[in-house]
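Asks:
Residue numbers (the UniProt record's numbering): 1 to 222.
(1) Does the separation of the CB atoms of residue 13 and residue 113 fall below 7 Å?
(2) Are there any heavy atoms of the ligand GTP lying less than 6 Å away from the beta-carbon of residue 83, as far as the coordinates show?
(3) What do you get for residue 42, buried or exposed, if any count of 16 or more other CB atoms within 10 angstroms of its CB means buried?
(4) DSSP has residue 110 in a bridge; who is on the other side?
(5) Whose C-alpha, out of 32, 87, 36 and 10, is nearest the C-alpha of residue 21?
(6) Going by CA-CA distance only, name the one from 111, 220, 115 and 187 that's closest to residue 152.
(7) Would you kindly check if the distance between the Cβ of residue 189 and the Cβ of residue 208 is under 7 Å?
(8) Which same chain residues end up closer than 8 Å to residue 25 when comparing Cβ atoms and leaving out the 5 residues on each side of it in sequence?
(9) Given a cut-off of 7 Å, decide if residue 176 and residue 98 are closer than it, judged by their beta-carbon atoms.
(10) What does the alpha-carbon distance come out to for the pair residue 163 and residue 59?
(11) Suppose you measure from the CA of residue 165 to the CA of residue 35; what does that come to, to the nearest Å?
(12) Residue 54: which of 33, 78 and 37 sits nearest, CA to CA?
(13) How would you label residue 179, buried or exposed, when you count the other beta carbons within 10 angstroms and need 16 or more for buried?
(14) Per DSSP, residue 91 forms a beta bridge with which residues?
(15) Can you list, in chain order, the residues of its chain with a C-beta nearer than 7 Å to that of residue 16? Leave out the 5 residues immediately preceding and following it.
(16) Run through DSSP, which three-state label would residue 83 get?
(17) Consult DSSP for residue 205 and reduce its assignment to one of helix, strand or coil.
(18) With DSSP collapsed to three states, give me the class of residue 70.
Have a look at this one:
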C-alpha cells in the first residue's frame with residue numbers, strides 16, 4: 001500500500017543523515033588505548049555507532065551498563081567524543097541534494113536523535129544541517145527513542161499531526177518509535193543498522209540509499 005504523502009519528514013541523525021561513526025569509533029578506541037589495547041577494527045564498531053556510548057563501549061571493551069566501570073568509561077568516552085566530533089564526520093553522499101529536493105517540494109524536514117543536546121547543538125550546524133525545521137535531541141523530552149515522545153515533540157514543533165510526518169532511521173528503535181507515534185516509518189539500510197536485518201523491523205518502507213526517498217514520494221508536483 002502506498003504511503004500517505006507527508007507534509008514533513010523527520011530523520012534520525014547518526015547513521016541516517018550523517019556518517020558520524022568514524023569519530024565515535026575513535027572515541028571508543030581511545031578508551032581501548034587507555035587500557036593498553038590495540039584499536040578495535042572499524043568494521044566491528046561501525047554497526048553499533050547508532051547505539052552511542054552504550055553500544056560502542058560494549059563493542060570496544062565488552063563493558064555494559066551495570067558494570068562497575070561503565071559510568072566512568074561513559075564520561076571518558078563522551079568527553080573524548082565531544083572534543084573531536086567533526087574530525088571525520090560528514091553527511092552521507094546525496095543527503096544534501098535529497099534535503100534540497102524535499103525543500104523544493106515544500107516538504108519540511110527535521111531531526112529526531114537520541115544524541116544529547118550537548119552534542120547535537122554543536123554538531124548539527126557544523127555538519128551542514130543547521131537549516132533543519134526542528135531538532136529534537138535525546139534529552140529534549142523525558143524519554144528517548146524507542147519511546148514516541150521525541151517524535152511527538154517534533155510534530156508539535158512543526159504544528160503537524162503525527163500521521164502527516166514520516167520518520168526515517170537506521171535502527172530498530174527508530175521504527176519502534178515511529179510506529180508508537182503513529183508515523184509511517186522508513187528503514188535507512190544505508191546506515192549502521194546494528195546487528196539485526198532492517199528487513200525484519202516491519203518498517204513501512206526499506207530503502208538502501210537516500211535518493212530512493214524521493215522515488216518513494218512519487219513525482220514532484222508541478
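We treat Cβ as the ideally placed atom computed from N, Cα and C, and that holds for glycine.
All of these numbers come straight from a predicted model, not from anything done at the bench.
Replies: The short version:
(1) Indexing the chain shown from 1 puts residue 13 at position 13. Indexing the chain shown from 1 puts residue 113 at position 113. Pairing residue 13 with residue 113 gives a Cβ-Cβ distance under 7 Å.
(2) This structure does not include the ligand GTP; it has no bound ligands of any sort.
(3) Within the chain shown, the letter at position 42 stands for residue 42. Taking a 10 Å sphere around the C-beta of residue 42, we find fewer than 16 other C-beta atoms and assign the residue as exposed.
(4) Looking up residue 110 in the chain shown gives position 110. Per DSSP, the beta bridge partners of residue 110 are 10.
(5) Position 21 of the chain shown, counted from the start, is the residue given in the question as residue 21. Ranking 32, 87, 36 and 10 by CA distance to the CA of residue 21 puts 87 first.
(6) Counting from 1 along the chain shown, the entry for residue 152 is found at position 152. Nearest to residue 152 by C-alpha distance, out of 111, 220, 115 and 187, is 111.
(7) Indexing the chain shown from 1 puts residue 208 at position 208. Indexing the chain shown from 1 puts residue 189 at position 189. It is a contact, given that the beta carbons lie within the stated cut-off.
(8) On the chain shown, position 25 is the one that residue 25 refers to. Cβ neighbours of residue 25 within its own chain (closer than 8 Å, five residues either side excluded): 40, 42, 45, 46, 49 and 56.
(9) Taking the first residue of the chain shown as 1, we reach residue 98 at position 98. Taking the first residue of the chain shown as 1, we reach residue 176 at position 176. By the CB criterion at 7 Å, residue 98 and residue 176 fall outside the cutoff.
(10) The residue you call residue 163 lines up with position 163 of the chain shown. The residue you call residue 59 lines up with position 59 of the chain shown. Their Cα atoms are separated by approximately 36 Å.
(11) Locating residue 165 in the chain shown gives position 165, counting from the first residue. Locating residue 35 in the chain shown gives position 35, counting from the first residue. The straight-line gap from Cα to Cα measures roughly 45 Å.
(12) Mapped onto the chain shown, residue 54 falls at position 54. Among 33, 78 and 37, the Cα nearest to that of residue 54 is on 78.
(13) By 1-based counting over the chain shown, the position of residue 179 is 179. It counts as buried.
(14) On the chain shown, position 91 is the one that residue 91 refers to. DSSP links residue 91 through a beta bridge to 18.
(15) Residue mapping note: residue 16 aligns to position 16 of the chain shown, counting from 1. 168, 169, 170, 188 and 191, listed in sequence order.
(16) Sequence index remark: in the chain shown, residue 83 carries index 83 (1-based). If DSSP states are grouped into helix, strand and coil, residue 83 belongs with the helices.
(17) The residue you call residue 205 lines up with position 205 of the chain shown. Under the three-state reduction of DSSP, residue 205 is assigned to strand.
(18) In the chain shown, residue 70 corresponds to position 70, counting from 1. Annotated three-state conformation of residue 70 is helix, per DSSP.
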